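First up is the structure itself, then whatever we jot down about it.
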Amino acid sequence: MSDFQQNARAAEALMREVFDATPLQRNEHLSERYEANILLKREDLTPVRSYKLRGAFNAMRKVLAQGGDAPVFVCASAGNHAQGVAFMCRHFGVEGVIFMPVTTPQQKIGKTRIFGGDNVRIELTGDYFDVTLAAAQNYCAQNGGHFLSPFDDEDVIEGQASVMVEIERDLGGMPDHIVMPVGGGGLSSGVTSYVADRAEITLVEPMGGASLRAALMSGTPVRLDHVNNFADGAAVAQIGARTFARLAHLDPGQVVAVDEDRLCTTMIEMLNIEGIVLEPAGALAVDALKDMRNRIRGKTVVCVTSGGNFDFERLPEVKERAQRHSGVKKYFILRLPQRPGALKDFLNLLGPDDDIARFEYLKKSARNFGSVLIGIETSREENFARLLSALSEAGFTYRDITDDQVLAEFLI
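Mapping the sequence shown onto the working numbering, position 94 (from 1) lands on 100, and the numbers just tick up by one.
Encoded structure:
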């Protein structure tokens, strides 16, 4: 057994003084769909609803074990890392300063305050995370605080590896395949280092933040020019240097990039069918199974559901994106004649499963015609083929803008 494995096991044992191990649950729905033994490692069920408190616990306990006056622990985060650090500041009875962007949702700020209590102070700084991070690091330089990285820290990596310690113990060995999200790389590098070559590993990142794949292709961490922050728990512009050093041996084929809109379909499915609330990053591993069906058939597969800190104010957006990706909701600009009965003619073309979700006059493009923004929901994607054929036969002029990102941003 390597030193890293021993240290991860020791860290996991000490965590039991603070919080219970998360469950490893077989999921019948997914197992039947993929003809495999699919188990979920429910990191969304920790006290802070993510695995982040593991790394925070391990890093902080090691600093405090050195003796002397306890430092002020400082971090920069808009979400799960902030909550993990706040929880552990309260547990250890130490002072923490947590820098968060001004744009952080109140729900996340409130939860961080609840977890940290009087032991933490929250500083809202900057509209963008880079500004927030710089403020936190500047605070440490001026005040002597101890900066807690969300992922690029060996003690954090070691702490996150405790996820795999629990999986191995619960299974009585290694699964055939492990699927987990990757952002900055703390969880993935910890688990990968603990597993070594004892199981297959697939890492999943959002398509709009595929920093690990970019690093593997370049041979070194590179900074992405643009990041889609929808899956904010995993959308990182550049993977950590220490984490990449532990992941650099991976084949790019072991990294799957997931489309953010498709990810929404998995979030809705897990909520509606299983009653499991997952944040976008927390659903990445489950969504990736769609690309792995042939590889995992008949195998025991563990998916790490890394977090469940989902703000339900985002649910309409998630549903919208899921419906559009599934092809059951579309938006059109319709040229509607300005005459009595024109609207009725259009309505008569709708099928029994077609429903108008949006109807808005945009402008009159000519004296006899007006432009209408219309959104239509239906039960099956193929229903649109019948509707569009009927529109054309009836002489209606329309434009499908569902996938037009520029128009959708302003009109939808």
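Beta carbons: idealized from backbone N, C-alpha and C, even for Gly.
Predicted model, so just to flag it, every value in this text is computed and none were measured.
(message) So, with DSSP's three-state summary, where would you put SER195?
(response) Residue state, collapsed to three classes: helix.
(message) For ALA27 and VAL378, I'd like the C-alpha separation in whole angstroms.
(response) Each residue's Cα considered, the two are about 55 Å apart.
(request) Starting from the N-terminal side, write out each stretch of the alpha helix (DSSP H) that is 4 residues or longer and does not extend beyond the stretch 140-197. (result) Complete alpha helix (DSSP H) runs here, min 4: 160-166 and 168-177.
(request) Let me know if ASN33 comes out buried or exposed under the rule of 16 or more other beta-carbons within 10 Å of its beta-carbon. (result) Its Cβ being crowded by 16 or more others within 10 Å, ASN33 is buried.
(request) Output yes or no for whether 8 Å exceeds the beta carbon distance between LEU253 and THR198. (result) Yes, these two residues count as a Cβ contact at 8 Å.
(request) With a threshold of 16 other CB atoms inside 10 Å of the CB of PHE390, please say whether the residue is buried or exposed. (result) When all chains shown are included, PHE390 counts as buried.
(request) In angstroms with no decimal places, state the Cα-to-Cα distance between ALA140 and THR131. (result) Each residue's Cα considered, the two are about 10 Å apart.
(message) Given this structure, state the Cα-to-Cα distance separating PHE352 from THR138, to the nearest angstrom.
(response) Distance between the alpha carbons of PHE352 and THR138 is about 52 Å.
(message) Let me confirm a value: HIS232 is counted as buried when at least 16 other C-beta atoms fall within 10 Å, else exposed. Which label applies?
(response) Counting the other CB atoms within 10 Å of its CB gives HIS232 a total below 16, which places it among the exposed residues.
(message) Using beta carbons (cut-off 8 Å, strictly below), is PHE250 in contact with chain B?
(response) Among the protein chains of the structure shown there is no chain B, as only one such chain exists.
(message) Using a 10 Å radius around the Cβ and a threshold of 16 neighbouring Cβ atoms, would you call LEU290 buried or exposed?
(response) With 16 or more Cβ atoms within 10 Å of its Cβ, LEU290 is classed as buried.
(request) With distances taken Cα to Cα, identify the nearest neighbour of GLN260 among THR272, THR226 and ASP297. (result) Considering only alpha carbons, the answer is ASP297.
(request) Under 7 Å Cβ to Cβ from ALA17, same chain only, skipping five residues before and after it: list those, please. (result) Within the same chain, ALA17 has close Cβ partners ASN64, GLU164, GLY165 and SER168.
(message) Using a 10 Å radius around the Cβ and a threshold of 16 neighbouring Cβ atoms, would you call TYR337 buried or exposed?
(response) By the neighbour-count rule (16 or more Cβ atoms within 10 Å), TYR337 is buried.
(message) Could you pull the DSSP bridge partners for GLY376 from this structure?
(response) Note: GLY376 is bridge-paired with LEU342 in the DSSP secondary-structure output.
(request) Using 10 angstroms around the beta-carbon of GLU23, count the other beta-carbons present and answer buried if the total reaches 16, otherwise exposed. (result) Burial is judged here by how many other beta carbons sit within 10 angstroms of a residue's own beta carbon; GLU23 has fewer than 16 and is exposed.
(request) Could you please give me the residues that DSSP links to ASP351 through a beta bridge? (result) Note: ASP351 sits in no beta bridge, so no partner.
(message) Three Cβ pairs or more, each shorter than 8 Å: is that satisfied between the stretch 304-321 and the stretch 183-203?
(response) The answer is yes - the stretch 183-203 touches the stretch 304-321, with three or more Cβ pairs under 8 Å.
(request) May I ask you to list the residues that DSSP assigns as paired with LEU30? (result) Paired residue(s): LYS47.
(request) Pick helix, strand or coil for SER8, following the three-state DSSP scheme. (result) When DSSP states are grouped into helix, strand and coil, SER8 belongs to the coil group.
(message) Quick check: what's the CA-CA separation for ARG204 versus GLN112?
(response) Roughly 43 Å between the two C-alpha positions.
(request) Answer with buried or exposed for THR109, where buried requires no fewer than 16 other C-beta atoms within 10 angstroms of its C-beta. (result) It counts as exposed.
(request) Evaluate TYR145 with the Cβ neighbour count: other Cβ atoms within 10 Å of its Cβ, from every protein chain shown; 16 or more gives buried, anything less gives exposed. (result) Buried, since its Cβ has 16 or more Cβ neighbours within 10 Å.
(request) Taking GLY239 as the reference, give the member of GLY189, ALA247 and SER37 with the closest Cα. (result) The candidate whose alpha carbon is nearest that of GLY239 is GLY189.
(request) Can you tell me which of the three DSSP states GLY239 falls into? (result) Shown here, GLY239 sits in coil according to DSSP, grouped into three states, outside any helix or strand.
(request) Grab the span of the alpha helix (DSSP H) containing ALA82 for me, first residue to last. (result) Where ALA82 is concerned, there is no enclosing alpha helix (DSSP H), although the beta strand (DSSP E) it sits in stretches over 79-82.
(message) So if DSSP puts PHE365 in a beta bridge, which residue, or which two residues, is it bridged to?
(response) Looking at the DSSP assignment, PHE365 forms a beta bridge with ILE380.
(request) For the beta strand (DSSP E) containing GLU101, list its first residue and its last residue. (result) It is not in any beta strand (DSSP E) - GLU101 carries neither H nor E in the DSSP assignment.
(request) Specify whether the stretch 215-228 and the stretch 239-251 touch according to this definition: at least 3 beta carbon pairs, one from each stretch, less than 8 Å apart. (result) Touching, yes.
(request) Taking all protein chains shown into account, decide if THR403 is buried (16 or more other Cβ within 10 angstroms of its Cβ) or exposed. (result) THR403 comes out exposed.
(message) Going by the DSSP bridge assignment, what does SER398 pair with across the sheet?
(response) The partner list for SER398 (beta bridge, DSSP) is empty, contrary to what the question assumes.
(request) Leaving aside the five residues before and after VAL69 along the sequence, list all residues of the same chain whose C-beta is less than 7 Å from its C-beta, in chain order. (result) For VAL69, where only same-chain residues beyond five positions count, the Cβ hits under 7 Å are PRO77 and HIS152.
(request) Leaving aside the five residues before and after ALA92 along the sequence, list all residues of the same chain whose C-beta is less than 7 Å from its C-beta, in chain order. (result) Result list for ALA92: GLY102, ILE104, THR118, PHE121, GLY122 and VAL126, in chain order.
(request) Confirm, please, whether the CB-CB distance from GLY304 to GLU38 is below 8 Å. (result) No.
(request) Counting only the same chain and skipping the five closest in sequence on each side, list residues whose C-beta sits under 7 Å from that of ASP176. (result) Once the five neighbours on either side are set aside, the close Cβ partners of ASP176 are LEU30.
(request) Could you name the residues of the same chain whose beta carbon sits closer than 6 Å to that of GLY357, not counting the 5 residues immediately before and after it, in chain order? (result) When the five nearest sequence neighbours on each side are left out, the beta carbons in the same chain lying within less than 6 Å of the beta carbon of GLY357 are those of ASN389, in order along the chain.
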